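*Asks:*
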Amino acid sequence: MGRHSRFFTTNKKGEIYELKKELNSEHRQERSDAVKKVIASMTVGKDVSGLFPDVLKNMQTDDIELKKLVYLYLMNYAKTQPELVILAVNTFVKDSDDPNPLIRALSIRTMGCIRVEKIIDYLTEPLRRAVKDENPYVRKTAAICVAKLYEIEPKMTEEQEFIELLKDMVSDVNPMVVANAVIELTDIHQESPEKYTFKVNENMANKLLLALNECTEWGQIAILNAMVDYKPHDSKEAEAICDRVLPRLQHANGAVVLSAVKILLINMRFIKEQDPISMFCKKMAPPLVTLLSNPPEFQYIALRNISIVLQKYPQVLSNEIRVFFCKYNDPLYVKLEKLDILIHLSHSKNIDQLLSELKEYANEVDVEFVRRSVNAIGRCAIKISDAAERCIHVLLDLIHTGVSYVVQEAIVVIKDIFRKYPQTYEGIIPQLCENVDVLDEPEAKAALSWIVGEYAENITNADDLIRFFLDNFTEENSQVQLQLLTAAVKLFLKKPNESQVLVQEILQVASMECDNADIRDRAYIYWRLLSTDPQAAKAVVLSEKPPIAGKNQELSLALLDTLISEIGTLASVYHKPAETFVAGKKYGADNVAKAVLKQKHMDDYDNEEEEEEVNAPSENIKQAIEGNEIGDLLDLDWSSEPVANNAAVASHVNNVLDDLLLLNNNNAISNNDGVMKLFDSRPAPPINTTTTQQRQQPAIDPFANLL
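Quick note: the sequence shown uses UniProt numbering, first residue 1, plus one each step.
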């Protein structure tokens, strides 16, 4: 051990020792440099908490820079040395009454940031003086300190009436103090909404708008957000608020611009005359366009907010469609948002320009972007009836390219066009059927199957097309199987003599060989429906379907009003109310429905009928869900009028459906000689109540995805 002892001895005292020595030096500059070294070590992660008493000795100094560094050290290590922090209280209290406002503010800020309970009792009196200090910088700092004190000791903050003092600061003559007071009151309200409600009244609104011009950018955002819940008394006041907010649209900060847009949209709802609304819409256009000159991440946020604005006021950017044309170097998420906005801005005057642009997009290399571009062409056809034929021609040109994913997406959107314009463009069906060999995606196969079944009377080889898919029926996606099953039944009802064997085969396979319960149930229902009364089957399966609407991509009016009041937040990016994703809160379907319904008519909360609707959303949701489930069962929309023109036939159809639901096969009506001979020879299979092992299906809650 003796020969190795030199490794355990050293003449160096170590860095901490050297810093301790310098902190206790007689020379002022040496002490200042030592504190800077301590802060530097603390910044890079070194533990210098052992120097706490030595650093504390340097608090009493006239050097503001040195005092700031010492206070910074105290804030960082106060929790590790709570007993020693008390030694600094006298200096804090003394500094809070210093002639220099910077030192007064510094002491108050530091005491608020030190989260030690023992020091809170010494904070109240200095804070009370600071709230009413003659210097605005000290008052601004005191406002922040009140909110920090509320986080640590809410009960004491209430007892000392600091919140009331904070409310009084909203009327301060200095805009900076007003902005900070608004921010802190909002924070306290969000932390304890059941105790404190921060609501802007008329007098406060005027003072906030007056302070708006002289605030910092974040102060402006805070004031504008506080004005969201303020409801003007009449149209003139709403117009005056919009006029005072308009200059904020020219701000360089995009967050200020979006906050100003939010206030404009909210108050425009209360303006009765159309001319001011048109003027405000025109003023909003350039700032929104300017937001698109930012990097892609900011562009995406701007586009999501612009989408909300356009759904409420499409005229805002009606002449700016070229701004939203996709650039070659735009990332995919930006391109997809631009496509949605292009559809919102499309109308009969610019559709040719838009179709030319979308056709170019359909020749890009990005598969997902190409698909969405083709889909956008179809959505334009559904939205603008005058341009439907031109959209069809563009889609046919794309089909002729032979690119698999382009052809399949085109067939999917053409199916929707057929729903929108029935009996109008059936002449292109042969060209669609020529591409049956290239279909390998479930959506495209299901779309073509629907077209074949819906227009089977016009397709000479409809049975061959269905049989083409029937060869691999059990291996197809359930979406394709359901459509093929329905298409085969439609074909049989329209051409019974040509498709008897085909419909028997597909019903046999679907009811006996498929593991999917939905497929089997639909096959059983079709089989019993056909074997009971083919005329009733025609009335049910071949009923006239309502045309689809072109607004299926848009938000509901209730949700749109909610999102407008949350522009510039994550809610406007997600396109969901904030209540649905706020951490720490649980919201089911009923709660979301309540949140949405409460925003539906913001002006009429006294309406008793609306209150009943808000208080009982569960029944509304249940009825809507049940209606959709029944409509999906037979691929029908039961909200439409039945094809039968007389009540007797409609009543007969209902009786047949009752028999089907009871699954009573003995009630079969045998007076239809034409079609019944087919099913008399092969009766519908009875329901097997003993479920086999291979057909056991897991229990599925139909409401699980909705809730």
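Cβ coordinates follow ideal geometry from the N, Cα and C atoms, glycine included.
Keep in mind the model is a prediction, meaning the values are calculated, not measured.
CB-CB under 7 angstroms to E498, same chain, minus the five flanking residues each way: which ones, in chain order?
*Replies:* Closer than 7 angstroms at the Cβ level, and outside the excluded window around E498, lie D463.
*Asks:* I need the straight-line Cα distance from Y405 to K415, nearest angstrom please.
*Replies:* 16 angstroms
*Asks:* Can you have a look at L332 and say buried or exposed, based on whether 16 or more other CB atoms are within 10 angstroms of its CB?
*Replies:* exposed
*Asks:* For Y17, I'd like the list of residues in its chain whose CB is within less than 7 angstroms of its CB, leaving aside the five on either flank, ordered along the chain.
*Replies:* none
*Asks:* Please say whether E337 and V289 have beta carbons closer to each other than 7 angstroms?
*Replies:* With contacts defined by Cβ atoms closer than 7 angstroms, V289 and E337 do not form a contacting pair.
*Asks:* Would you mind stating whether W527 and Q483 have Cβ atoms separated by less than 7 angstroms?
*Replies:* No, Cβ-Cβ distance for W527 and Q483 is not below 7 angstroms.
*Asks:* In terms of residue numbering, what span does the alpha helix (DSSP H) encompassing M169 cover?
*Replies:* Neither: M169 is in no alpha helix (DSSP H) and is coded neither H nor E.
*Asks:* Measuring only the C-alpha atoms, how far is P686 from R419?
*Replies:* In this predicted model, P686 has a pLDDT of only 43, less than 50, meaning its place in the structure is not dependable; the value taken from the coordinates is given anyway. Approximately 36 angstroms between the Cα atoms of the pair.
*Asks:* Is C380 helix, strand or coil when you go by DSSP?
*Replies:* C380: helix per DSSP, three-state reduction.
*Asks:* Here's the rule I'm using: 16 or more other beta-carbon atoms within 10 Å means buried, otherwise exposed. How should P296 be labelled?
*Replies:* Burial call: exposed.
*Asks:* For V131, which of I119, E153 and V170 has the nearest alpha-carbon?
*Replies:* The option with the nearest alpha carbon to V131 is V170.
*Asks:* DSSP on Y526, reduced to helix/strand/coil?
*Replies:* helix
*Asks:* Along the chain, where does the alpha helix (DSSP H) that runs through N100 open and close?
*Replies:* Taken as a continuous stretch (DSSP letters only), N100 belongs to no alpha helix (DSSP H), as it is neither H nor E.
*Asks:* Got a sec, what are the start and stop residues for the alpha helix (DSSP H) P276 sits in?
*Replies:* Q274 to T290
*Asks:* Go through its chain and collect everything with a Cβ distance to L507's Cβ below 6 angstroms, but skip five positions before and after it.
*Replies:* A523 and W527
*Asks:* In three-state DSSP terms, what is residue 730?
*Replies:* Only positions 1 to 707 of the chain appear in the structure, and residue 730 is not among them; the question remains open.
*Asks:* Rounding to the nearest angstrom, what Cα-Cα distance links L19 and S192 in this structure?
*Replies:* 45 angstroms
*Asks:* What did DSSP end up calling M156 once you bin it into helix, strand or coil?
*Replies:* Secondary structure of M156 (DSSP, three-state): helix.
*Asks:* If we ignore side chains and look at the alpha-carbon of each, how far apart do I223 and I263 end up?
*Replies:* 11 angstroms
*Asks:* What residue range is occupied by the uninterrupted alpha helix (DSSP H) comprising C433?
*Replies:* I429 to C433
*Asks:* Where does D275 land, buried or exposed, given buried means 16+ other C-beta within 10 angstroms?
*Replies:* exposed
*Asks:* What residue range does the alpha helix (DSSP H) around K195 cover?
*Replies:* Where K195 is concerned, there is no enclosing alpha helix (DSSP H), given that its DSSP letter is neither H nor E.
*Asks:* Please confirm if the region 308-315 is in contact with the region 340-352, defined as three or more CB-CB distances below 8 angstroms between the two stretches.
*Replies:* yes
*Asks:* Looking at A510 and L485, is the spacing between their C-beta atoms short of 7 angstroms?
*Replies:* yes
*Asks:* Which whole-angstrom value is the C-beta distance of E117 and V146, which I expect to be below 8 angstroms?
*Replies:* Rounded, the Cβ-Cβ distance is 17 angstroms, inconsistent with contact.
*Asks:* Buried or exposed: which applies to R31, given that a residue is buried once 16 or more other Cβ atoms fall within 10 Å of its Cβ?
*Replies:* buried
*Asks:* Does the region 253-272 come into contact with the region 528-546, if we say contact requires no fewer than three beta-carbon pairs (one atom in each stretch) closer than 8 angstroms?
*Replies:* no
*Asks:* Taking the alpha carbon of P286 as the reference point, which residue from Q250, R104 and L208 has its own alpha carbon closest?
*Replies:* Of the candidates Q250, R104 and L208, Q250 places its Cα closest to the Cα of P286.
*Asks:* I need the straight-line Cα distance from E619 to K576, nearest angstrom please.
*Replies:* Low local confidence applies: a pLDDT of 42 at E619 is under 50, so the model's placement there is unreliable, with the coordinate-based value given in what follows. E619 and K576: Cα-Cα distance of roughly 22 angstroms.
*Asks:* Would you report the Cα separation of I384 and A255, rounded to the nearest angstrom?
*Replies:* Straight-line measurement puts the Cα of A255 at about 35 angstroms from the Cα of I384.
*Asks:* Just to confirm my understanding: we take Y150, look at its own chain, exclude 5 residues before and 5 after, and list those with CB closer than 6 angstroms. What are they?
*Replies:* T157 and I188
*Asks:* Give me the Cα-Cα distance between M111 and N203, rounded to the nearest whole angstrom.
*Replies:* 34 angstroms
*Asks:* Assign D54 to buried or exposed, taking buried as 16 or more other Cβ atoms, counted over all protein chains shown, within 10 Å of its Cβ.
*Replies:* Buried, because 16 or more other Cβ atoms sit within 10 Å of the Cβ of D54.
*Asks:* How close, in whole Å, do the beta carbons of A238 and N206 come, if the pair is a contact with beta carbons under 8 angstroms?
*Replies:* With 8 angstroms as the limit, A238 and N206 do not qualify as a contact, their Cβ atoms being about 14 angstroms apart.
*Asks:* Would you mind giving the Cβ-Cβ distance between K359 and V394, rounded to the nearest angstrom? I have them listed as a contact below 8 angstroms.
*Replies:* About 6 angstroms; that satisfies the 8 angstroms criterion.
*Asks:* Report the CB separation of I392 from I417 in whole angstroms; it is logged as a contact under 8 angstroms.
*Replies:* 7 angstroms
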